[in-house]
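Each protein sequence line maps, in turn, to chains A and B.
Going by the working numbering, the first sequence opens with residue 31, and the numbers climb by one from there.
Going by the working numbering, the second sequence opens with residue 13, and the numbers climb by one from there.
We put the beta carbon where it would ideally sit given N, CA and C, even for glycine.
Please read all numbers here as calculations on a predicted model, not as lab measurements.
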Amino acid sequence: MRILIVEDQPRVGHFVERGLEQVAYSATWVRSCKEADDMLARGPFDAVILDLSLPDGDGLDLLREWRATGFDQPVLILSARDAVQDRITGLNLGADDYLAKPFSFEELLARVRSLLRRHGGKKATVFKHRGLKLDLLSRSVQRNGQTIELTAREFALLELFMQNPGRVLSRTMIAEKVWDSYFDSDTNLLDVYMRRLRMKLETSADKPWFKTLRGVGYQLI
Amino acid sequence: MKSLGSRLTYYYVLVVMCTVVSTMIIGYWLLRNELIHGIDLLNEAEFREIRDRVEVQHEPIAEGDFLRQVAEHAEIDTQLYFFQVRRNGKVLFRSPNMRTAVLEANPRGDTNWTTATSRLGAVRVGQFPEGEFYVQIATSLRSIEHFSRYYLQAGLVVSVVAAALSIFFGHRLSRMALDPIQRIQRTAERINVDNLKERIPTGSANDEITALARLLNRMFDRLEVSFNRLWRFAGDASHELKTPLSVMRLQSEKLLLDGDLPANQQEVIQQQLEGINRLSSVIEKLLFLAKSDVGGIRPNLKSQNTAEFIQHFREDAQILCEDQSISFEVTRNESLPGMFDATLLRQVLFNLLTNALRVTPAAGCITVASWRDNDNGCWKVKMEDTGLGLPPGDLRRIFEPFIRVSLAGERVSHDDKGTGLGLAICRSVIEIHQGNIRAENRQPGPGLRVSFELPVVTKQEDDSEELVQTPGGEEAESLTHGESKELV
């Protein structure tokens, strides 16, 4: 899997490149619109991580150009600008996902994986993890053959974790995917839902299902 | 007379009519004077003829002769004049055409005057001395009265025509004068945050309107520069703040996730991460407030139903309240079709709920109602808690950024999550929707009621059903889920 990173901030770019390589992606990091164009012309990439503030232009213009010329690989926008407005504009221009700075690397990774999975056409409908089975079609959750009753919201939450087992999911990502909210509402809604989900999944003898990482997010273990 | 155009037309007609009417009045007065003066001259000429006739005789002329001469002359001009001769105030002779009428002596010593008798009608009299006699010659003013009537009729016709014409031309004129102003108005209306580049077209003309347009264009130039500067500043500030935060966060997270840290160091890193999250959240909110202040936030308006929207919120609100042993109720939820940004308004409801949860004691109650106000057709939503309410002075201030009134009876101490921006964002979002929000103490209290109204309801549905507390809310849940699925 080849991933192109377009990011002008050296430390961020370097960090993302190294991080992606550590999880066995082949990452190429460029710092400007021009380099990005050259790189794309040279070889196929499976996904692009695109920062919007570039020294020689705007990432959104670049994206518009690419989409106009038929480039259809997934693009994830990374931006330090106005989260709400850029998100809407970016997604309208054909970006596949949007991540606001400051971001968590784990979240970036989860999003890139999800993009690649979606783009690869592998649309799994059943997810399994430690004896837990989540079926998207029948919208049911079973553990060792026993059905667990979940509300729609709890189901959506569990689905997100089952799609990213073992990965740390940040609060912002969960809020965005499950609640469609751009900026957090200062409530502990997510914590309450996590507590309810835990209560339904975990039995006393059981090893915990979720790990809380303070300041980062939650992880299905 | 609201518009400038109709006022201009009105003044134009007024001026034209004043001019026409006064011209006609002055003309009438001058003409009448001229005609009367002509009659005076005729009277005098008549007298000269009599005198010529009398003076052929040698003086002194006898009274009888004199009167006979006058009578003879009166015979000739009986169609046109009345004759009367006086001496020492006594009437010596009256021409037969006067029948019983008598002309009085001149009242104030004038040579010519106008008088009226019942027999002769209005007459113009000239009195001329001849020796010890006074000859009075009178001419009927009937012809002048004829003329006056005709003049009046003609004047009326002229006035009506002038009024009609002046209304027509006045209207055209005002249109012509106001057209450039309307063009300026239309362009100025189009110029807003999204379209700062457009300018009012100015020709090469050098009139006042063009000067105004140029002045406005210069103002728009300055506005555009300021807006762009603000945009750039907001972008730069956010970029400059968030890039180092990104690096900090990435590194702290790596330290934490790579493990091998003693517990106390882990604690420090976690606190750092929480601080970073909090900072970026404050930055995001401040940017939102700054942009909405200058009209830079465009709501993502979509046609949707208010009852469904409230129902979605109810589900999460109930979970949150339950967690704190507070009951949550939707007392009224009218089904109204509206155009609004659900994401932004959900933020408002959550922020209000967060606030209410902070002040409501355990076993308290938070209620929400949503309905259509029949007075102004707005969608109204109110949220009430059973906390202690606020001192009256603080009721307005709570919507200002960073204002943290000490909420009476607050049971959760100000935790790290509150930024003091939640209610300010509520107000911004409501104002973006052209609505208004206010807080008041519940009567009977205690408790706070925050209500907002939005002019977003498109029309009243005929089958306005009430969705109140449908148990389980399964339908709502699946809808919410369907929405989020699109994004996952």
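Here DSSP, grouped into helix, strand and coil, assigns D88 (chain A) to strand.
Take the alpha-carbon of R290 (chain B) and the one of A186 (chain A): they are about 26 Å apart. Rounded to whole angstroms, the separation of the alpha carbons of A302 (chain B) and L185 (chain B) is 46 Å. Look at the beta carbons and you see the segment 392 to 400 of chain B touching the segment 361 to 371 of chain B: at least three pairs across the two are nearer than 8 Å. Going by beta carbons, I107 (chain A) and I35 (chain A) fall outside the 7 Å limit. By DSSP's assignment, Q148 (chain B) forms a beta bridge with B:Q96, B:Q139. Among the CB atoms of chain A, one or more fall inside 7 Å of the CB of V259 (chain B). For I156 (chain B), the secondary structure class from DSSP, reduced to helix, strand or coil, is helix.
Excluding sequence positions up to five before and after L145 (chain A), its CB lies within less than 8 Å of the CB of A77, P104, L106, D126, D127, all in the same chain and listed in chain order. Contact of F45 (chain A) with chain B by beta-carbon distance below 9 Å involves S258, V259, L262, Q263, K266. Taking all protein chains in view, the Cβ of G43 (chain A) is crowded by 16 or more other Cβ atoms within 10 Å, so the residue is classified as buried.
Counting only the Cα atoms, L466 (chain B) lies some 16 Å from E320 (chain B). Interface with chain B (7 Å Cβ-Cβ cutoff): G245 (chain A) is included. C30 (chain B) is not bridged by DSSP to any residue. Within the segment 274 to 292 of chain B, Q282, L285, E286, I288, N289, S292 place their CB atoms closer than 7 Å to a CB of chain A, listed in sequence order. Taking C-beta atoms under 8 Å as the contact rule, K163 (chain A) and Q172 (chain A) qualify, at a distance of about 5 Å. With a threshold of 7 Å between beta carbons, S83 (chain A) makes contact with chain B.
One finds A110, K131, P132 in chain A with Cβ atoms closer than 7 Å to the Cβ of K254 (chain B), taken in chain order. Here Q330 (chain B) has F340 as same chain residues with Cβ atoms under 6 Å from its own Cβ, once five neighbours each way along the sequence are excluded. Fewer than three pairs of CB atoms, one per stretch, sit closer than 8 Å, so the segment 266 to 285 of chain B makes no contact with the segment 341 to 360 of chain B. A distance below 7 Å separates the beta carbons of S315 (chain B) and M351 (chain B).
R225 (chain A) carries a helical assignment under DSSP once its states are collapsed to helix, strand and coil. The criterion of a C-beta distance shorter than 7 Å is satisfied by R261 (chain B) and I288 (chain B).
Scanning B:I51, B:G376, B:F105 for the CA closest to the CA of R80 (chain B) turns up B:F105.
Taken in chain order, the members of the segment 318 to 331 of chain B whose beta-carbon sits within less than 8 Å of a beta-carbon on chain A are E327, D328, I331.
For W243 (chain B), the enclosing alpha helix (DSSP H) covers residues 220 to 270.
Interface with chain A (7 Å Cβ-Cβ cutoff): H251 (chain B) is included. Separation of P458 (chain B) and T379 (chain B) (C-alpha to C-alpha, rounded to the nearest whole angstrom) is 14 Å. Counting C-beta pairs closer than 8 Å gives fewer than three between the segment 251 to 260 of chain B and the segment 218 to 234 of chain B, which falls short of the contact rule. Listed along chain B, the residues sitting closer than 9 Å to V42 (chain A) by beta-carbon distance are T255, S258, V259, L262.
Within the same chain, M36 come within 6 Å of G167 (chain B) by CB-CB distance, once the 5 residues on both sides are set aside. Neighbours of V142 (chain A) in chain B, taken as residues at a C-beta separation under 7 Å, are lacking, since the least C-beta distance is about 15 Å. Ranked by how close their Cα comes to the Cα of A117 (chain B), the residues B:F414, B:A128, B:G101, B:T126 have B:G101 in first place.
DSSP, read as helix, strand or coil, puts M351 (chain B) in strand. Rounded to the nearest angstrom, the Cβ distance from F325 (chain B) to R358 (chain B) is 6 Å, consistent with a contact under 8 Å.
Take V135 (chain B), set aside five residues on each side of it, and the residues of its chain with a beta-carbon closer than 8 Å to its own are F94, L115, T126, T127, A128, T129, A150, T151, S152, L153, in chain order.
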